[in-house]
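Trainee:
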Amino acid sequence: MHTKSLTEGELDEIYAFAVQLGKDAGKLLLDAAQSRFNGENTQEVVEKDSSVDIVTKTDEDVEAFIKTSIHQQYPDHAFIGEETYSQGTSRAYLISNTTPTWCVDPLDGTVNYTHLVPMFCVSIAFIVHGQPAIGVICAPLLSQLFTSCRGRGAWLNETQRLPLVRCPVPPMPVDAPRGATLDLAYTAMGAFDIWWEGGCWEWDVAAGIAILQEAGGLVTTANPPKDPATARIEDVGLGSRLYLAIRPAGPSTTESGREGQERTVREVWRRVRELDYTRPAA
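Each residue of the sequence shown is one higher than the one before, counting from -3 in this note's numbering.
#1: Find out if the Cβ-Cβ distance for the pair Arg243, Thr183 is shorter than 7 angstroms.
#2: In terms of DSSP beta bridges, what is Gly194 paired with?
#3: Let me know the secondary structure DSSP gives Asp223 once reduced to three states.
#4: Measuring CB to CB, does Gln257 end up less than 7 angstroms from Ala245?
#5: Any Cβ of chain D within less than 7 angstroms of the Cβ of Gln140?
#6: What are the complete alpha helix (DSSP H) segments, minimum 4 residues, inside the segment 81 to 146?
#7: Since Thr54 and Leu103 are thought to touch, with beta carbons under 8 angstroms apart, how far apart are those beta carbons, to the nearest angstrom?
#8: Whole angstroms are fine: how far does the CA of Asp57 sit from the CA of Ile50?
#9: Spatial neighbours of Ser144 within its chain, please: CB distance less than 6 angstroms, with the 5 preceding and 5 following residues excluded, ordered by chain position.
#10: Judging by CA-CA distance, which residue of Asp231, Cys196, Thr106 and Asn219 is the nearest neighbour of Trp279?
#11: Kindly indicate which three-state DSSP category Thr216 falls into: helix, strand or coil?
#12: What separation, rounded to the nearest whole angstrom, lies between the Cα atoms of Lys23 and Ala225?
#13: In whole angstroms, what is the alpha-carbon distance linking Val124 and Thr95?
#14: Three-state secondary structure (DSSP) at Pro253?
#15: Using the Cα positions of Arg237 and Ala277, report the straight-line distance between them to the nearest angstrom.
#16: Rounded to whole angstroms, what is the Cα-Cα separation between Pro247 and Thr80?
#17: Closest by CA to Gly175, which one among Trp191, Leu158, Pro136 and Leu160?
#18: What does the alpha-carbon distance come out to for the pair Thr3 and Asp223?
#19: Strictly by DSSP, which residues pair up with Leu152?
What follows is the structure in structure tokens.
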């Protein structure tokens, strides 16, 4: 199935499947965390690229469950998951503009999970024409489920439409707990004003970008252009590894919500330096 053949009905069906899959994967994370609370499960922690880039058996088991579930339901869709990607040697950007692709982080916030800090989650995104169309983020210990489908709104726990806060955007970012996926979800909710990051991967951000954009937020590059005051503000490249997110915002007495978002982008650009995360095919 190519993306051009997806009807609205098919997208609705995929959305419902993704939401249920997020709930089921979140239940696996919750069960694993509960077993650790009870002292029944002491998992080996394997370091990948650094002491804060680690993997547990839970990461691998949840990714295997998600991948199997997707391939059984949609065998012609592509799949990219953090753990299977990390086992390879290439760091090329693999998401196609022509093939429907699922992009998954089975456990974002593994360091938090190993310490039983509740800021961890599963992230599931469905990519259409290279852009996130569906996003599902489930944080089981927080009892929070963030979902979105293009044109259908962004939601918290399926009943509360996002954002929760739509007042004008403050001009400066604030500190936030680390963890790209939930940081983006909380930016979509309006709990965080600004999120700026370099070095994340597409599975860290794809679902969050889908949810944030559907809620009315803005996501562009973290790298400042030569002239921040006049440069065009474009949608972020999913595989760029450089992200600046601004929460949804309503109008003030002097500017529209979009104008406030763009003003904030330019103010952030003036205060940050350029980062280099170039990679093949991105």
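Note that CB positions come from ideal geometry on N, CA and C, so glycine has one too.
Mentor: Result, derived from the coordinates:
#1: yes
#2: Leu238
#3: In the three-state scheme derived from DSSP, where H, G and I count as helix and E and B as strand, Asp223 is classed as coil.
#4: yes
#5: Included in the structure is just one protein chain, with no chain D present.
#6: DSSP runs (the alpha helix (DSSP H)) wholly in the segment 81 to 146: 106 to 110.
#7: 6 angstroms
#8: Note that Ile50 scores 47 on pLDDT, short of 50, meaning its location in the model is unreliable and no value can be drawn from it.
#9: Gly131, Ala150, Ala206, Ile207 and Glu210
#10: Residue 279 lies beyond the range of the chain shown here (-3 to 278); nothing can be said about it.
#11: strand
#12: Approximately 46 angstroms, taken between the alpha carbons.
#13: 8 angstroms
#14: Here residue 253 is Gly; the residue named in the question, Pro, does not match the sequence. Helix at Gly253.
#15: 12 angstroms
#16: 44 angstroms
#17: Trp191
#18: 41 angstroms
#19: By DSSP's assignment, Leu152 forms a beta bridge with Phe142 and Gln156.
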